[in-house]
Structures are given as structure tokens and as C-alpha cells.
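Comments concern the structure below.
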Ligand code: F6P
């Protein structure tokens, strides 16, 4: 039988199952069997670990979070150190993968993953393995695609949290700091901040300082809005020498944990009032995908299968609204898509008086 392989790699996110289902449903219609490898690329090598996927065992999973195939962002397949340093996969590992393809008669492999996982797919392709990429990350920091699935669901989760924190902030006239995900990019913070009506948004792309943040909070006080919600991306950088709350930034990071804690501790000290911090963490990666992510993931799955049938290997599906198109994996990986200062979201936020903690706010 004609066979296609599929795997989910890297950190999980809502919509992975919807892609798997999209692949399986269309593959079945085109007469393909689908081999689902478990735990990302790990399932391809000793001990080879897979399950046959069919309409029955993928029924009703479009709205399920996580991935029925499991995933990992650890293990033997690492093609990247940090954001841009390439690491060669060992030759023996590639040989093992080739042998798995041969033994299981895999015509092509659909790799669903973020930048690190797609960098592995890129090396597979260079070694002559037939792969198709599907971009995934809640952070939305992949280039060559307008949106990766999972992002909308993460923003929905963060927005819901901000809505809830907003009302308790009002009741207690408090400052609430919400730390959202986004290791290298502020997309989640920006979108959830706008959607949730935050007063301040702090992101890695815009240098900020505490004086400006305090100023914004005090300005709100004067306008009789004696509460503030501050959204901070986990990857936001602390201002150089900006802490006066009695500890150096390095130590504070170690002692208090994430940036959200540090910001809230510092603001409490500077403003001499109650500040609370909530770190949303992996909540943003769990639960059912939004309708947007279900559709995007399904379109990705169906399009990836079509590319595979057309033998357009080495390509990645990409959302270029309103179309799904194919771009070379090579061109898509290793390029961080950060928020730019001329982004319409940033522009709109500024127009509304949301502060980024910088001089332009
Ligand atoms: O890359 C997506 C992401 O959600 C980041 O925002 C976050 O820093 C990271 O994954 C956490 O990954 P994990 O806890 O699974 O190692």
C-alpha cells in the first residue's frame, strides 16, 4: 500500500490533532495508509514507535488539545543551538531514519513542528528524505507564514485570563501583572493585551523602562482608573540597571523566577501599593483549539498531503491569507518573525493610549 508518515515535534499546542485528522482524512480518500510516529522524531529510530492512523482512531479529535502522537522537545534530534546556530545531525541517525522509511515503505513524512523541528526536517531533506513541513508554534514567531496554528488559541486563553484579572483588579484597585508566553517575540502579549484592554504591554522587541510604566499607572490613577493590567511577554528584557527593589537583575531572576515576578516586585516597591502577578505558562498551550486554529490546522493538513502526493518535498505549508501556499522549508527556518514597530497592532495600541513602557508611549 501507499504510505505516508506523520509526526508532531517540539512543544505541543492546540490544533496538532486537527492537522493529524486533516492528513488522515484526506490521505484515506486518496488511497494512502498513514503511519503516525510517536514522540516526535524519536519514534523514527530505535525503538521505532508508531501507530497506524485511520478514520476510526482519529474520529472526533479536531477539538482536542495536545497530540495523540505525543511530542518532545528533547532527545536525539537537535538541529539547532539557540535561534540560529546549526547543529549537524549524526550520519548514523539519518541512516536509521532512512532504514525506517524503507522498512515501513514511507513515501513521504509530514513533520509538524516549530522552528527547531523544521530545522530537523530541513536536514532530512538535504539527505534525500522526502519531507513536508507544517509550521506550529503558539508564539507565532515563524517567518514565511502569516499565522501558525496554536497562536489564536493561546491568545484566546490569555485574553480570557486578562478579562478575569481585569474585574478583580478593579474591585481591589490593584495593579495586575500577567506574564504570557513568547520566548523571542511579543505576539501573544500584543494581541492578548489589545484584546483584553491592558494598560501596558511589555515585549522583547520594544525596550522599556520602569519609570515609563509607573508614569502610565499614575496617569490612569489621575483619570480615576485606579487599577491597571500589565501584560508582559516572558521574553521581555529587563531594562539595564532598572531595578531599585533591592536586588540586582540577575539575582532577582534567580530568586523570583520569571520576568512577571520581577516586574510586579519592582512596581510594588516603586509605587508603594499592592501588585499581583499571574504567570499563565502552559495553560496557554493546553485545551481545545479555537475555531480559527481548527480551520487553519485542517487546511494545513489537507494541503500538506496534497504536496506529498505531488512529490513537492522539502516544502512547508504557509498561510498567506486567504490562501495556503507552499514555501521551501529552507527559506522558512532560522528566521525569527518578531513584532515590528510599524506593526498595525502596535500602531493601534499606541493610538488607544496603551503604553509599551518606552519613550514613544
Ligand atoms: O515555543 C513555545 C513556547 O511555548 C515558549 O513560549 C515557551 O518558552 C516554551 O514553549 C516552553 O517550552 P517547554 O516548557 O515545553 O520546554
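Residue numbers (the UniProt record's numbering): 4 to 364. For each residue, glycine too, the CB sits at the ideal point set by N, CA and C.
Sequence-distant Cβ neighbours of residue 85 in its own chain, meaning closer than 6 Å and more than five residues away, do not exist here. Residue burial annotation: residue 152 is buried, with at least 16 other C-beta atoms found within 10 angstroms of its C-beta.
With distances taken between CA atoms, residue 139 lies nearest to 119 out of 119, 189, 131, 129. As computed with DSSP, residue 193 is found in no beta bridge at all.
Burial is judged here by how many other beta carbons sit within 10 angstroms of a residue's own beta carbon; residue 130 has fewer than 16 and is exposed. Using a 10 angstroms sphere on the CB of residue 314, the tally of other CB atoms stays under 16, which defines it as exposed. Distance from the C-beta of residue 140 to the nearest heavy atom of the ligand F6P is below 7 Å.
Inclusion of residue 70 and residue 15 in the CB contact set at 8 Å is warranted, their separation being smaller than that value. The C-beta distance from residue 45 to residue 4 rounds to 25 Å, too long to meet the 8 Å contact threshold.
Where residue 132 is concerned, there is no enclosing beta strand (DSSP E), because DSSP gives it neither an H nor an E. Cβ atoms of residue 137 and residue 115 come within 8 Å of each other, at about 4 Å. Note on geometry: alpha-carbon atoms of residue 215 and residue 274 lie some 12 Å from one another. In the three-state DSSP reduction, residue 11 falls in the strand class (E or B). Counting C-beta pairs with one atom in each stretch, the region 89–104 and the region 315–323 have fewer than three that are closer than 8 Å, which means they do not touch.
In this structure, residue 278 places its C-beta atom within 8 Å of the C-beta atom of residue 180.
Contact check for residue 234 and residue 201: beta-carbon distance about 4 Å, within the 8 Å limit, so the pair qualifies. Annotated three-state conformation of residue 349 is helix, per DSSP.
Residue 229 and residue 55 have their C-alpha atoms some 58 Å from each other. Counting only residues of its own chain and dropping the five nearest sequence neighbours on each side, residue 296 has a CB closer than 8 Å to the CB of 17, 18, 21, 152, 153, 154, 155, 156. Contact between residue 283 and residue 164 holds, since their C-beta atoms are separated by about 6 Å, short of 8 Å. Check the Cα spacing between residue 10 and each of 276, 92, 47: the tightest is with 47. Pairing residue 362 with residue 267, the inter-Cα distance amounts to about 21 Å.
Nearest to residue 210 by alpha-carbon distance, out of 342, 25, 162, is 342. According to the DSSP assignment, residue 213 belongs to the alpha helix (DSSP H) that extends over 213–225.
In this structure, the C-beta of residue 326 stays at least 7 Å away from each heavy atom of the ligand F6P. Contact between residue 25 and residue 301 is confirmed by a C-beta separation of about 4 Å, below the 8 Å threshold.
The three-state secondary structure of residue 36, taken from DSSP, is strand. In the structure shown, residue 321 adopts extended strand secondary structure according to DSSP, grouped into three states. Per DSSP, the unbroken alpha helix (DSSP H) holding residue 304 starts and ends at 294–312. For residue 92, no beta strand (DSSP E) segment is defined, and its DSSP state is neither H nor E.
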